[in-house]
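So in the numbering used here, spot 88 of the sequence shown is number 547, and the numbers just go up one at a time. Glycine is no exception: its CB is placed at the ideal position from the N, C-alpha and C atoms. Here is the structure we will look at.
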Amino acid sequence: MRYHPQYRLRLAHDVARHIMLPSAALEALLVVHKPSTRVLIDLKWKIPLFLAFNLFWAILRLLFRSWIQAREAYRLGGACIPTVQGRCPGNIDILIKMMKALQTSYLLDVYLDLFKEYRCTTLNLRILWVDQIITMDQEHVKFLLATGFDKFWRGNLQKERMETFLGDGIFNRDDAIWKMHRSNARPFFVKDRIAHVDVFEKNFNRILSILLSYEAIDRPVDVQDLFGRFTMDSASEFLFGQSFNTLGGTLPIPWSAQTSKGPTSSSQGAAHLGAKGSATDDTWGEFVQAFESCQQNITRRARLGYIWPLFELFEDRSLKHQRTIRKWLDPLVSSALEDKKAARRMGVINALQEKTLLQHLVDSTDDLALIRDQLLSMLLASRDSTAVLITYTCYFLALHPDVLQRLRAEIIEHCGPHGSPDYDTLLQLRYLRAVINETLRLFPPVPLNIRESRADCTLPPADPTYATGDHTPLYMPGGVNIVWLPMLLHRNPVLWGPDADEFNPDRWLHPDRVAKCVANPFMYGPFSFGPRTCLGRGYGLNEASYFLVRLLQHFDEFKLHSESQPPESRPREEWKLKEGRQAKEQIWPAAAMTLFVKGGLWMRLKRSDAMLESL
């Protein structure tokens, strides 16, 4: 089912239900009860009377809904979720505050302030009289994603927002289609497949060549862009059997270099602030901008909420970007479909272990759109999630040179200064896994996510260790969105201690702290939980581990170069007066479906004199 043409129909249906229906009811009342004065009313008072009646109708509808919810909450033995109380009708002031915060505040800070103000970990924002639940409570997250999994789904409203971009892909479907996608993809993320590192090694050598050339001329590089290319080229070869070869394209140049009049290298392209980080004006840059603009638009729609179709009434803003994406993916799928036909004519049948995911999907269906949508979903996960992990790990290594040196010592001990590690060797690097876990804790690639309740239910009592109240179940109305916030859950000081905002890999090596996390697994979930746990978890961790090992074998000094970032992407001065990480953050974390560093992560990577002498 395609939803993107349907949002206009949904909007028309809502207008008819909320405006035309009460207007028709009033008209009928006037005809029945006051036929002699109807003309007078039409001439003098019809418009204000109809406006007043629509307002009265809306108030009655809201009161009736509140009564129904209170009745259902009592029936189910639950209490209503605490509701944010703004100063303006419909919490318009809260909406305005949230929209402003997105432009100026630290990521998710506006939600954290509300949790602190109301002294609870689950809240109903009720923006424009529409229920919108947010939670950072581990018990509620556990119920949402695991123990109460069948009571929630992606829902029609989320599919509506994402349809143009992800279509029939695994991240935009529920029930039978979702199960089909998951079943098809699972064999491609088993150990035997993800343990091969040949693709990673080939693409790392290209990364190394680029980094060495930048070191030779002492120029910073946007590693976020570079790591995104690495994961994209690796993912496309893993999934399709052929690389997109993005590492062969032009690279962004620093903001500071663009403001000067000096010549740029032919290997660099004009750069600017893109949808995420920096962008280039070439073919690959066009794809990235389309890929990331779709994510930004989906995030924008989610922030606008139920009324977002009003802002895209005459144009689906994701459609033009999707056309660009299709120019890249459709030829690959079409070629694979033709290869399948040719193989069938020749009687050739490949075993599953010899196929790429693209070939497997092509053998399962001839639906080009279905195949493309699933591949796009896999690309989104394979490229963005791992690139985010590597990017933020390097950011922390730049901030904590002691961690970098300790990690590098472990790598040299187990892998040597030049050796390519295998899968089993990577598993022995305990400190590397601690660094990765700590990065994922502070900056999970998906910092917030959404589900919709299928029907009325109750959330279990909030975790009594860090939530106030009488600890009764909370009533969850049906058809309501609930947003859970892994990034805030991961930074809760009651769960993680007073150093919850600090980067401290040793917490993952301390027996008591590890035992607490094992006993409470839902306090840490960078790859989600339950039946929809990320299939590519092992692939992403293996890729990130391999890349970091090879990177630290060659470089032992990481330095941030904030001057290369566009001024509007640098941390704001007022953050230094706040509590938590934002007071010391040297980049601007942002999110659009997945995390990114606003303006890019510009760095200089260097080798020590001892390393140079050993070559």
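Sixteen is the threshold: since fewer than 16 other Cβ atoms of the shown chains lie within 10 Å of the Cβ of T563, the residue is exposed. Between L835 and G628, the CB-CB gap stays under 8 Å. For E911, DSSP records a beta bridge to W612 and N940.
In this chain, W1034 is not harboured by any beta strand (DSSP E), its DSSP state being neither H nor E. Under DSSP, K1018 forms a beta bridge with R1063. Around the CB of T758, 16 or more other CB atoms lie within 10 Å, so the residue is classed as buried. Annotation: F1014 to Q683 spans about 17 Å, alpha carbon to alpha carbon.
Inclusion of I784 and F746 in the CB contact set at 8 Å is warranted, their separation being smaller than that value. One alpha carbon belongs to C916, the other to W943, and they sit about 17 Å apart.
The Cβ atoms of L863 and Q1045 lie no closer than 8 Å to each other. Runs of beta strand (DSSP E) with 3 or more residues, each lying fully within the region 533-591, are found at 581-583, listed in chain order. Spatial neighbours of A846 in its own chain (CB-CB distance under 6 Å, excluding positions within 5 residues in sequence) are listed in chain order as F686, G687 and T690.
About 4 Å separates the Cβ atoms of S1028 and K1057, confirming a contact at the 8 Å cut-off. Note that the C-beta distance between L954 and P932 is not below 8 Å.
With distances taken between CA atoms, F663 lies nearest to S1004 out of W714, T1053 and S1004. With fewer than 16 other CB atoms across the displayed protein chains lying within 10 angstroms of its CB, W526 is exposed. By the neighbour-count definition (other C-beta atoms within 10 Å, threshold 16), F697 is a buried residue. Pairing G997 with I653 gives a Cβ-Cβ distance under 8 Å.
Inclusion of V656 and D881 in the CB contact set at 8 Å is warranted, their separation being smaller than that value. If you look at P1048, you'll find it in the beta strand (DSSP E) that goes P1048 to A1051. By the Cβ criterion, the region 1031-1049 is in contact with the region 565-582, since at least three pairs of Cβ atoms, one from each stretch, lie closer than 8 Å. By the beta-carbon neighbour count (other beta carbons within 10 angstroms, threshold 16), M1052 is buried.
If you look at T917, you'll find it isn't in any alpha helix (DSSP H); it sits in the beta strand (DSSP E) that goes C916 to L918.
A Cβ-Cβ contact shorter than 8 Å links R469 with P768. The distance from the Cβ of E1033 to that of Q617 is about 33 Å, inconsistent with a contact at the 8 Å cut-off. Residue environment: Q701 is assigned as exposed (fewer than 16 neighbouring CB atoms within 10 Å of its CB, all protein chains considered). If the five residues before and after G536 are omitted, its C-beta is found closer than 8 Å to the C-beta atoms of T917, T931 and P932, all from its own chain and listed in chain order. For M946, the enclosing alpha helix (DSSP H) starts and ends at P945 to L948. Between the region 963-976 and the region 592-607, the count of C-beta pairs closer than 8 Å stays below three; the two stretches do not touch. By the criterion of a C-beta distance shorter than 7 Å, F699 is surrounded in its chain by L791, T815 and L817, once the five residues flanking it on both sides are discounted. Annotated as proximal: L838 and A694, with beta-carbon spacing under 8 Å. The continuous stretches of alpha helix (DSSP H) do not include Y765, and DSSP gives it neither H nor E.
Residue nearest to G549 within the set V905, R782, N583 and P945 is N583 (criterion: CA-CA distance). Taken through DSSP and simplified to helix, strand or coil, D958 comes out as coil. As DSSP reads the structure, F1055 sits in a beta bridge with A1049. About 13 Å separates the beta carbons of I871 and L1007, which is beyond the 8 Å limit, so they are not a contact pair.
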